[in-house]
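Participant:
There are 2 protein chains.
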Amino acid sequence: MILNRREFARLAALGLAARFAPALNAQTQEPKIGYAVIGLGRIAGHFMPGVLSTTNSQITALVSGHRDKAVRIAAEYGVPQSSIYNYDNFDEIARNPAVGAVYVALPNSMHAEYAIRAAKAGKHVLCEKPMSTNVAEAEAMIAACKAANVKLMIAYRCHYEPTNLKAIRLIRDGALGKVQAIESANGFNIAPREWRLNKKLAGGGPLFDVGIYSLNACRYLTGEEPSQISAYASVIDRDGRFNQVEENVSWTMKFPSGIVASCNTTYGANMTGFYRVHGSKGWLDANPAFYYDGLRLRAEFSGTQLDELNPARDPSHFVLQAEHFSHCIQNGLEPKTPGEEGLRDMRYITEIYRSAGISI
Amino acid sequence: MILNRREFARLAALGLAARFAPALNAQTQEPKIGYAVIGLGRIAGHFMPGVLSTTNSQITALVSGHRDKAVRIAAEYGVPQSSIYNYDNFDEIARNPAVGAVYVALPNSMHAEYAIRAAKAGKHVLCEKPMSTNVAEAEAMIAACKAANVKLMIAYRCHYEPTNLKAIRLIRDGALGKVQAIESANGFNIAPREWRLNKKLAGGGPLFDVGIYSLNACRYLTGEEPSQISAYASVIDRDGRFNQVEENVSWTMKFPSGIVASCNTTYGANMTGFYRVHGSKGWLDANPAFYYDGLRLRAEFSGTQLDELNPARDPSHFVLQAEHFSHCIQNGLEPKTPGEEGLRDMRYITEIYRSAGISI
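If you want it as C-alpha cells, here you go:
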C-alpha cells in the first residue's frame, strides 16, 4: 500500500502512520536520519539492531567512554572511526553532518546534560525514560531543545507497540464501557552493584526505572492526568542493595473522571509487568504488558473474547519508535511522546515520592 | 484416616482440622449443631446446601419476614413449622433446644442487632462478613457474645478454602522468599435497587461488600496487620445507583515488614477477584481467588511451576466453614476467624473511608 503525503498525514494524526512508514519512505526516498548513540549499555543493544530494521534511520555515530567497545560496535554498524566520540569531545558532533539526532541511553542523571549538549549541537534528541532525575532537569531539556529548534522525544516505546495501542483503542472505542479501575505493577529482583541502585545516577529506585511503565500506562490507558496521588515506599531486604534507593513503592491515583488506579513497583521481586482495566462493559488484561516482546492481551466485552499474543520479536518496539521519531524529523511533526510527556511523569514521580516521604 | 481427640486438637492448631472433621465426627458421634438461619437471601442459599453436606451441622430453624418463603424452605430442609421465626418473635428462639447456633445472613446493618439478640438467647453466632457497619457495633457484638459465653465467628470463607490455604502455606513456608508487594481487586457491576446501594442497610459501598475480600486477603497472605493505609473513592456513573454509596475505592497499605499492597474495589465493573503476591524467590497468583468455586492458583518459584484448579464446586466453601464452626462449638475451641478478626477489618475499613474523605 502506497500512501501520498496527505493520506499519510491523516494517518499520522490517527497514530497509525508508523505502520505505513516503510512504504512512504520507499516512495519518497528521503535521506535516512543518522543517530549518534550516547551510552553503549543494555538498552542501546536493543535500539541499534532496531534501527537496522527501519527504512528511515541509521546509526552514524557512537558516544562512549570505552573506546574499544565503541570501535567494535562501530565496525558492526558501519560507523566510521571518525564518528566515535567520548564524553570530552562530544560537542564536536555539531560539525558531523551525518548525525541528525542523538539517542540518549545513559544513566538517568546524565540525560539532561547530554540532551542539552546535543540540542546545542543542533541535533534532535531521542531520550530514554525516565527523562531525567527531577522536574527542573526535564524543564531545562525542553527549553534547550526549543531554543535550538530541535525535536525532543522520550523513548516511551509502549506508545508505539501494537498490543498497548490495541488496549488504548479498545478503551477509546468504548468497548469496555466506562473505565472504573486499573491495577498495574512492574518490577524485577535487582542484582547488587547495578548503577540503578546509585541514587546520584538513577535519581531513585524502581519507580524511576520500571514503575514508570505502570504510571505512564495508567495515563495512556485512561487518556487522563491523575488529579490525586498517594504512595508508600519501603525497604525489606537489608542486604546492602537498598542503602540509597527504595525497594518497593505502592501508589494509588485518582483521575478527573473518577477512575482509580493502584500500582506497585519493586526491585525485590521479578514481576511480569501487567495492567488490568475494568470497565462497566468489560475488562482487558495485558500480561506481559511491558516486556520487549511476548506481549499478550486478553479482553472480554459484550460477548467478545480476545486473547492475542503479539508475535513480533525484540527489537520490534525499537524499530517502531525510531521510525516514528525519524518520520517526525523528516516531516516537521511533533512526536507522540515529546519532552512534555516525560515532564508530566517526572511531576507525578516527584509527587509519589513526596507522598511516600522520600526526598529526591 | 481416623484421629483421636489429641491428634485432632493438634491439627486444629495448625488449621488443618477441617479436612479431617468428617472422620472425627463419624468417630465420636457427637450430636450435630443445629443452626437457625436468619435471613433467607442469596448467601443463605449457599449456606444451607453447604450445611447439608457436613457431618456435624444441620439446619433446625429459619428466621424470615416472609412466612411463605420460610415455609417452603423449611419443608426442603426438614425444619418443623414451629421452628420458623420472624423478626418480632425471634427472641423465643432461646427456648428452642434444637438451635445451638445462628447464621446471620441479613443486610449488614442488621448483623449487630441479631448477633446480640442471638447471644442473649444463648446461641452461638456465625455472622456473615462484613461483621457490621462500624467499629462500635463490632465491639458490642464481641462483648455480647463474651457476656453470654457463646462463640462468635465471622464467615470469612476463604480462610477455610483450600486454594487460599495453599497460597498462605506457600508464603509461610518461604517458597516465595521475602514477600515484597501484593495486588488485589474484587468487584462487580451492581444492579439498580440492590439493598447494597442503601447506605443505611449496607454501611457503605463495594469496600464493605467485596473489597473486604482483598483487604482480608492481604492480611492473611502476609500474616501481618497494615500499619498505614491511604485511599481514594469515586463515583463515575451518575445513573442513580450511587447516590448513597461510593462506586470505586482504590487503596494502598504498608505492613510492618515493609510489604506494600495496592487494591481496588468497584460496584461499576465485573471484576474477577484476584490477588498476585510477589516475593524475592517467586510469585503466586490466585485468579479467581474469591468466587464460590473455580478457584485457580498459579505460582512460580525456585524452578517449580504450579497451576492448580480447585475442582470442588459450590457450596464446598460453606461446608468447610460450617464444619469448622460446629467443631469449635463441640470442642470448646476458638474459631479461626473470631469476632476480633471481623473487628480488625472494620477498623481498616473505617480508616480507608476516612482517608478517602467518606464518612461512614
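As given, the protein sequences belong to chains A and B, one line each in that order. Mapping to my numbering: the first sequence position 179 is 324, numbers consecutive. Mapping to my numbering: the second sequence position 273 is 418, numbers consecutive. All residues carry an ideal CB built from backbone N, CA and C; glycine is no exception.
#1: Using a 10 Å radius around the Cβ and a threshold of 16 neighbouring Cβ atoms, would you call Ser375 of chain B buried or exposed?
#2: Exposed or buried, which one is Lys122 of chain A when buried takes at least 16 other CB atoms within 10 Å?
#3: I'd like the ranges of any alpha helix (DSSP H) spanning at least 4 consecutive residues and lying wholly in the segment 182-253 of chain A.
#4: Flag Gln325 of chain A as yes if its beta-carbon sits less than 9 Å from any beta-carbon of chain B, otherwise no.
#5: With DSSP run on the structure shown, which of helix, strand or coil describes Tyr377 of chain A?
#6: Among A:Leu429, A:Lys274 and A:Asn309, which has the Cα closest to the Cα of Phe446 of chain A?
#7: According to DSSP, simplified to helix, strand and coil, what is Asp452 of chain A?
#8: Three Cβ pairs or more, each shorter than 8 Å: is that satisfied between the segment 276-286 of chain A and the segment 178-186 of chain A?
#9: Which of helix, strand or coil does DSSP assign to Asp430 of chain A?
#10: For the alpha helix (DSSP H) that Ser461 of chain B lies in, which residues bound it at each end?
#11: With DSSP run on the structure shown, which of helix, strand or coil describes Glu370 of chain B?
#12: Taking the alpha-carbon positions, what's the Ala215 of chain A to Ser209 of chain A distance?
#13: Restricting to runs no shorter than 4 residues, where is the alpha helix (DSSP H) found entirely within the segment 379-422 of chain B?
#14: Alpha carbon to alpha carbon, how far is Glu175 of chain B from Thr199 of chain B?
#15: With a threshold of 9 Å between beta carbons, is Tyr358 of chain A in contact with chain B?
#16: Check Met576 of chain A in the structure and name its three-state DSSP category.
#17: Would you call the segment 282-299 of chain B in contact with the segment 312-320 of chain B, where contact means no fewer than 3 C-beta pairs closer than 8 Å?
#18: From Ile494 of chain B to Glu453 of chain B, what distance separates their C-alpha atoms?
#19: Taking 9 Å as the CB-CB limit, is Val390 of chain A close to chain B?
#20: For Asn253 of chain B and Arg441 of chain B, what's the separation of their Cα atoms in angstroms?
#21: Name the chain A residues that come within less than 7 Å of Ser227 of chain B, Cβ to Cβ?
#22: Hey, would you say the C-beta of Val182 of chain B is under 8 Å away from at least one heavy atom of the ligand COA?
#23: Specify, as a first and last residue, the run of the beta strand (DSSP E) that His269 of chain B falls within.
#24: Check for me: the beta strand (DSSP E) holding Glu506 of chain B runs from which residue to which?
#25: Which one of B:His211, B:Arg217 and B:Cys290 has the shortest CA to CA distance from Asp233 of chain B?
#26: Nearest chain B C-beta to Glu258 of chain A closer than 9 Å, yes or no?
#27: Can you look up Pro108 of chain A in the DSSP assignment and give me helix, strand or coil?
#28: Do you know offhand how far Val247 of chain B's Cα is from Ser500 of chain B's?
#29: Shortest alpha-carbon distance to Ala326 of chain A belongs to which of A:Arg217, A:Tyr365 and A:His423?
#30: With distance defined between alpha-carbon atoms, name the residue in A:Asn334, A:Gly448, A:Arg338 and A:Ala330 nearest to Ala406 of chain A.
#31: Determine, using beta carbons only, whether Gly116 of chain B and Cys272 of chain B come nearer to each other than 9 Å.
#32: Report yes or no: do three or more beta-carbon pairs, one from the segment 344-363 of chain B and one from the segment 463-472 of chain B, lie closer than 8 Å?
#33: In whole angstroms, what is the alpha-carbon distance linking Ala250 of chain A and Thr308 of chain B?
#34: Would a C-beta distance cut-off of 9 Å place Ile261 of chain B and Ala285 of chain B closer than the cut-off?
#35: Residues bridged to Asn331 of chain B by DSSP?
#36: So, for Ala292 of chain B: in the same chain, excluding its five sequence neighbours on each side, which residues have a beta-carbon less than 8 Å away from its beta-carbon?
Facilitator: Result, derived from the coordinates:
#1: If you number the second sequence from 1, residue 375 of chain B lands on position 230. Buried, by the Cβ-count rule.
#2: Nothing about residue 122 of chain A can be read from this structure; chain A reaches only from 146 to 505.
#3: 189-197 and 212-222
#4: As a first step, residue 325 of chain A is located in the first sequence; it is residue number 180 there, counting from the start. Closer than 9 Å to some Cβ of chain B, the Cβ of Gln325 of chain A qualifies, so yes.
#5: Translated into the one-based positions of the first sequence, residue 377 of chain A becomes position 232. In the structure shown, the three-state DSSP call for Tyr377 of chain A is strand.
#6: Translated into positions along the first sequence, residue 446 of chain A becomes position 301. Phe446 of chain A has its Cα closest to that of A:Leu429, out of A:Leu429, A:Lys274 and A:Asn309.
#7: Position 307 of the first sequence, counting from 1, holds the residue named residue 452 of chain A. Three-state result, Asp452 of chain A: strand.
#8: no
#9: For this step, residue 430 of chain A is matched to residue 285 along the first sequence. Note: Asp430 of chain A maps to strand in three-state DSSP.
#10: The residue labelled residue 461 of chain B in the question sits at position 316 within the second sequence. First-last of the alpha helix (DSSP H) with Ser461 of chain B: Ser461 to Asn476.
#11: As a working note, residue 370 of chain B is residue 225 in the second sequence. Coil at Glu370 of chain B, not helix or strand.
#12: Position 70 of the first sequence, counting from 1, holds the residue named residue 215 of chain A. Position 64 of the first sequence, counting from 1, holds the residue named residue 209 of chain A. Their backbone Cα atoms lie some 6 Å apart in a straight line.
#13: The qualifying runs do not exist here; there are none.
#14: Mapped onto the second sequence, residue 175 of chain B falls at position 30. Mapped onto the second sequence, residue 199 of chain B falls at position 54. Distance between the alpha carbons of Glu175 of chain B and Thr199 of chain B: 13 Å.
#15: The residue labelled residue 358 of chain A in the question sits at position 213 within the first sequence. Judged by the 9 Å Cβ criterion, Tyr358 of chain A is not in contact with chain B.
#16: The structure shown has nothing for residue 576 of chain A, since chain A only spans 146 to 505.
#17: no
#18: Counting from 1 along the second sequence, the entry for residue 494 of chain B is found at position 349. Counting from 1 along the second sequence, the entry for residue 453 of chain B is found at position 308. The straight-line gap from Cα to Cα measures roughly 32 Å.
#19: Residue mapping note: residue 390 of chain A aligns to position 245 of the first sequence, counting from 1. Val390 of chain A does not count as touching chain B.
#20: Indexing the second sequence from 1 puts residue 253 of chain B at position 108. Indexing the second sequence from 1 puts residue 441 of chain B at position 296. Roughly 29 Å separates the two Cα atoms.
#21: Along the second sequence, read from residue 1 onward, the residue named residue 227 of chain B stands at position 82. In chain order: nothing, as chain A lies at least about 48 Å away.
#22: This structure simply doesn't include the ligand COA, nor any ligand for that matter.
#23: Reading the second sequence from its first residue, position 124 is the one you call residue 269 of chain B. Looking at the DSSP string, the run of the beta strand (DSSP E) that includes His269 of chain B is His269 to Cys272.
#24: Residue 506 of chain B is absent from the structure shown; chain B starts at 146 and stops at 505.
#25: Looking up residue 233 of chain B in the second sequence gives position 88. Of B:His211, B:Arg217 and B:Cys290, the residue nearest in Cα terms is B:His211.
#26: Here residue 258 of chain A refers to the residue found at position 113 when the first sequence is read from its first residue. Glu258 of chain A does not count as touching chain B.
#27: This structure cannot settle anything about residue 108 of chain A, because the visible part of chain A is limited to 146 through 505.
#28: Sequence index remark: in the second sequence, residue 247 of chain B carries index 102 (1-based). Sequence index remark: in the second sequence, residue 500 of chain B carries index 355 (1-based). For Val247 of chain B and Ser500 of chain B, the distance between alpha carbons rounds to 35 Å.
#29: Position 181 of the first sequence holds residue 326 of chain A. With distances taken between Cα atoms, Ala326 of chain A lies closest to A:His423.
#30: The residue labelled residue 406 of chain A in the question sits at position 261 within the first sequence. The shortest Cα separation from Ala406 of chain A among A:Asn334, A:Gly448, A:Arg338 and A:Ala330 belongs to A:Ala330.
#31: With chain B covering 146 to 505 only, the question about residue 116 of chain B has no answer from this structure.
#32: no
#33: As a first step, residue 250 of chain A must be located in the first sequence, where it is residue number 105. As a first step, residue 308 of chain B must be located in the second sequence, where it is residue number 163. Going from the Cα of Ala250 of chain A to the Cα of Thr308 of chain B covers about 45 Å.
#34: Start at 1 with the first residue of the second sequence, and residue 261 of chain B comes out as number 116. Start at 1 with the first residue of the second sequence, and residue 285 of chain B comes out as number 140. For Ile261 of chain B and Ala285 of chain B, yes; Cβs fall inside 9 Å.
#35: Numbered from 1 along the second sequence, position 186 holds the residue referred to as residue 331 of chain B. Note: Asn331 of chain B sits in a beta bridge opposite B:Thr410.
#36: By 1-based counting over the second sequence, the position of residue 292 of chain B is 147. Ala264.
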